[in-house]
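Accompanying notes for the structure given below.
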Amino acid sequence: MDNKTRAYRTQKIFRKVLQSMAYVGRPVRIPKECISEYPDNRLFPATMEILQTLLDTTTGFFCGDADENTVREIRLRTSAYPEKPEAADFIVIPADAAENAARHVEAAKTGTIYDPHCSATVLIECRSVLRGSAYLCRGPGIDAAIRIAVQCSWNWEKSRREKNTEFPLGIDCIFVDGEGNLLSLPRTAKLDRQPGKEGV
Amino acid sequence: MFKEKHFAFLDESSKKEIRRAVLKAVAIPGYQVPFASRELPIARGWGTGGLQITLSLIGEDDIVKVIDQGSDESVNAVSLRNLIQETTNVRSTIRTQEATLIQTRHRIPETPLKEGQILILQVPLPEPLRNVEPSEYKTKKLHGEGDYSGAWLKMFEDIMRYGQTATGADHPVCVDGRYVMAPSPIPRFDNPKLDNSPALLLFGAGREKKIYAVPPYTQVVSLAFDDYPFRRERFAGEKCRLTGLSDVYLDELTDETTGEIYYQINDSSYLLEHLNRETEMQTE
Amino acid sequence: MGYVAVQGGAEAIKEANLLAEYNNCRAGRAISVEDIRENLKKMVDSVMSESSLYSPELAALAIKQAQGDPAEAVFLLRAHRSTLPRLYFTTVTDTAHMRVERRISAAFKDIPGGQILGDSPDYRHRLLDYALCAQSPADAQDFARQYEANIREASERTSAEQSGNRGRLPKLVDFLRSQNLVSNPDLSDEPPHDITTEPLVFPSARSSRLQILTRGMTGAVTALGYAKIRGFGISHHPNIGELRVGSLPLHILSDLSGAQEEYYIGEIEATEAEIFMEAHCRGEEAENVLGIGLGYGLCFGRNETKAIAMGVLEHSMENPGPGDPTSDEEFVLLHVDAVESTGFVSHLKLPHYVTFRSKLDRIRNIRKEQSRV
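Protein chains in written order, with this note's numbering: chain H, -17 to 182; chain A, 8 to 291; chain Y, 370 to 742.
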């Protein structure tokens, strides 16, 4: 891909990410034409695109206990450097890494009261951001309240809640599914578990 | 030597840094995220913060509007818009409701913003506590500890001396009950438009190297005391000479021939639209 | 057909640009970029230094385009800099490897390697040289040819004395360190911050301070350095340990060939100043002994006053004194940048009628209320 096409594509993807971070809890979809194939990689292609949109030489990432191939490919495509989960700017939880996911999110940096922006952004791959366990969200970016539904094999809600108890400290989460849908929950979003499942 | 222009001027890694700062700013409403700030072909202090955000956000599908002190056609607005268009070829508009990105200096348009629009405000002095504390290191601490007694004391002193708070434009606000924020030098008339806005509001200070944000549907309260409530500029009995409208921000102008003072809507595109609607109605 | 926006702004800008162009052209003269590069070298150097972009060609072009306004030329280059991707970082350059063209010490008469006056205007009398009014390119060529011939002749006579390591000289400060007069610095392997890609935070790292000073406005850095040694800081003056001008070789690391290798990419001309300041040093027995503190200045091109003032300010911030404005890092670092200070001061020319109207509203209200009381 030439530089110009890459520049246009990352711009489009960034705006989708920004839109989801601003309008909290509303799923957005990365257009198909913005997603390439990544054959030797355990991550969703959409996750790879988001990483290429946000990471560069100055950012450290942690990618679960991912295989070497995936780490190498992220390095190659973004120039970002691998980092321990407690120091990483971006933490990626691959869809098939449920067993250690909570531990890695617990380790994530939450910034300091003086520099709350020096905190991790966590990309969580999940089966769906359109249906699954339902929550009611409130907070900035939400007109009164919004119902979200996320299908994920580990208890992200508990890990996230524990990291976000002391605003402005916290982590910001971006959920991605295999279809290229994404949904963001910045640290300000307050969640209440809703009975039943949404959209199943 | 170096002739080809890159899309949206900034190199891609500069944009990435700005984009990451914007995301953190949205996630921490009202908090000033430091960023490295690039030099642009326009001078520091002339809108480089806003412009860096615009250039990092803008894409082929956007429609951009640029205003300066309420006007789409003032020289600086034209100059910024030309730079954006020369480096991106995107469409521009003066109609607020048509724009996807609106870069502005010192005004929020009169036409209410809607979901999906992004308003980018140019900020000369992002630090609301600077007039009580010159040191950046110390103001950063005050924000971290949520210690805003200095800002309150300043308003209290104003009231003791003048009988009311003395801020003109740039009256400080509190965002989502946590951070005190400089709304940029918008008139107090525009402060209420920050509250619970359906549009995303981004603030860029290029020289001071800060980016901050008010996400949509976020509570924004202008600082005031219970017994000395926040007050917008009052245009008591004053009306726009051309439209007769009164609940808008008015420029105070002097008639060159008679020497009389008259008033006119400051938001130039709002004024035009109103006039056009009226003529249409008359012709029908 | 309704009302349309007045296109006054766009027209005015176009006309202003044309008029500026006309004013520059009406005498029918056009200076070449090459003339600027070769004849206005000091200006080219200071513009490169303040822009933090080393390119005599582009600096000369910027000076031409800015009609000789240094701040404007710096502004042009800085803006250009924002469009350039950062592909490599140079490896550490040891300034002991400088190919020295000029080198003096005010602290010692004899220094290892000797003093080299080189090309210096210091002892030239500042009398207007009217002969320059009539100087032609041919005159310049004649002078250069004659001078080169003389040098060749002189060097043939003394060729036996030339050594192979031409221009590489030992550093004075190493000698003083061996005498324990200057304390050895704590070596730091921390990679330097890059102030152009990372936000500046306070308290700042020394690498950030040095970068801001080296690209500070020559006049501003000089003025603040002067304030420091005149009285708003210390009232005794420091000594120039060593001031050198010369070329520094630059290398990058790359694995283009398959293996990680260092490549030479060229050289830059630089001025380096090591300033001796009175300081408390860590002695071997006592906690504090009087010793010599070191202030360090380095800038692109030939820019001696700036390098010296930079060394003074750098030391001042590293060793802050109570109530000393030049050791307040925010006071110094946030105000010496050419693009930032000229930008903000000049932005006052922009219309502010909305904000001014808001202020007027306050003043009128306060007056009205007060007159009622």
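We treat Cβ as the ideally placed atom computed from N, Cα and C, and that holds for glycine.
Tell whether a beta-carbon distance below 9 Å holds between residue i and residue j.
i	j	result
F237/A	N198/A	yes
E647/Y	G662/Y	yes
C181/A	V227/A	yes
R45/A	S21/A	yes
I153/H	V74/H	no
S421/Y	T565/Y	yes
P67/H	L151/H	no
S474/Y	G610/Y	yes
F544/Y	I480/Y	yes
R133/A	A34/A	Reading the sequence as shown, one finds Pro at residue 133/A and not Arg. No, the Cβ-Cβ distance between P133/A and A34/A is not below 9 Å.
Y256/A	D274/A	yes
D258/A	Y722/Y	yes
Y205/H	T94/H	Outside the shown range of chain H, which is -17 to 182, sits residue 205/H, and nothing can be said about it.
L619/Y	M467/Y	no
S115/H	E139/H	yes
E287/A	R102/A	no
Strictly by DSSP, which residues pair up with residue i?
i	result
E292/A	Here chain A has residues from 8 to 291 only, and residue 292/A is not among them.
H620/Y	Y633/Y
Y117/H	I130/H and R175/H
F669/Y	A639/Y
Q271/A	D258/A
Q129/A	G211/A
M417/Y	In the DSSP output, where bridge partners are listed per residue, M417/Y has none listed.
Y219/A	F210/A
M646/Y	G662/Y
F44/H	I73/H
Starting from residue i, find everything on chain A with Cβ-Cβ shorter than 8 Å and list it in chain order.
i	result
G123/H	V33, P222, P223, Y224 and T225
H562/Y	Near H562/Y there are no residues of chain A at all, since even the closest Cβ is about 10 Å away, more than 8 Å.
I95/H	G151 and E152
P64/H	Here the premise fails: no neighbours, minimum Cβ distance about 18 Å.
I382/Y	V82, V85, S86 and N89
R169/H	A34 and I35
Q548/Y	Those within 8 Å of Q548/Y in chain A number zero; the least Cβ separation is about 38 Å.
D154/H	L30, K31 and A34
H716/Y	A50, R51, G52, W53 and P131
V701/Y	Neighbours of V701/Y on chain A: none; closest Cβ ~13 Å, over 8 Å.
Can you pull the chain A neighbours of residue i, defined as C-beta to C-beta under 7 Å?
i	result
L98/H	Before going on, a small fix: residue 98/H reads as Pro here, not Leu. Ordered by position in chain A, the residues that pass the 7 Å Cβ test against P98/H are I35 and Y38.
E38/H	Here residue 38/H turns out to be Asp, not Glu, going by the sequence shown. Ordered by position in chain A, the residues that pass the 7 Å Cβ test against D38/H are S20 and K23.
E673/Y	Result: empty, since nearest Cβ-Cβ is about 26 Å, beyond 7 Å.
R395/Y	By Cβ distance, chain A contributes nothing, its closest Cβ being about 24 Å from R395/Y, past 7 Å.
V570/Y	P41
Along chain Y, which residues have their Cβ under 7 Å away from the Cβ of residue i?
i	result
S21/A	S451
N273/A	V723
G312/A	Only positions 8 to 291 of chain A appear in the structure, and residue 312/A is not among them; the question remains open.
So residue i contacts chain Y; which residues on that side make the cut at Cβ distance below 8 Å?
i	result
A173/A	R731 and I735
R241/A	D730 and N734
A176/A	V723, T724, S727 and K728
L17/A	S451 and T452
In chain H, what lies closer than 9 Å to residue i by C-beta?
i	result
L64/A	Q(-7), F(-4), R(-3) and L0
Residue i versus chain Y: which residues are under 9 Å apart at the beta carbon?
i	result
S253/A	The premise fails here: S253/A is roughly 15 Å from chain Y at the closest Cβ pair, so nothing lies under 9 Å.
D258/A	Y722, V723 and R726
What residues from the region 67 to 83 of chain A come within 9 Å of chain Y, judged by C-beta to C-beta, listed N to C? D75, Q76, G77, S78, D79, E80, S81, V82 and N83
Taking only beta carbons into account, state which residues of the region 27 to 61 of chain A come closer than 7 Å to chain H, listed in chain order. R27, V29, L30, K31, V33, A34, I35, P36, Y38 and V40
In chain order, which alpha helix (DSSP H) runs of at least 4 residues are fully inside the region 65 to 119 of chain A? 82 to 95
Residues within the region 189 to 218 of chain A neighbouring chain Y, beta-carbon criterion of under 7 Å: P192, P194, R195, R214 and K216
Just by C-beta distance, which residues in the region -17 to 15 of chain H are closer than 8 Å to chain A? N(-15), K(-14), R(-12), A(-11), Y(-10), T(-8), Q(-7), K(-6), F(-4), R(-3), V(-1), L0, Q1, M3, A4, Y5 and V6
Please identify, using Cβ separations under 9 Å, the residues of the region 597 to 628 of chain Y that lie next to chain A, in order along the chain. none
Of all the beta strand (DSSP E) runs that stay within the bounds of the region 150 to 212 of chain A, which reach a length of 3 or more residues? 180 to 182, 186 to 188 and 207 to 212
To be precise: take each residue of the region 143 to 168 of chain A, compare its Cβ to all Cβ atoms of chain Y, and keep it if any distance is under 8 Å. Which residues remain? E143, Y144 and K147
Quick one: which residues of the region 121 to 152 of chain H get their C-beta closer than 9 Å to a C-beta of chain A? List them in chain order. G121, P122, G123, I124, D125, A126, F149, P150 and G152
Unbroken stretches of the beta strand (DSSP E), 3 residues or longer, contained in the region 52 to 96 of chain H: 72 to 75
Compile a chain-ordered list of the residues in the region 98 to 116 of chain A whose CB is closer than 9 Å to at least one CB of chain H. none
Contact list for the region 118 to 140 of chain A against chain H, Cβ threshold 9 Å: E122, G123 and I125
Note down, one range per segment and in chain order, each alpha helix (DSSP H) of at least 4 residues found wholly within the region 485 to 555 of chain Y. 506 to 526 and 541 to 547
In chain order, which beta strand (DSSP E) runs of at least 3 residues are fully inside the region 443 to 492 of chain Y? 468 to 473
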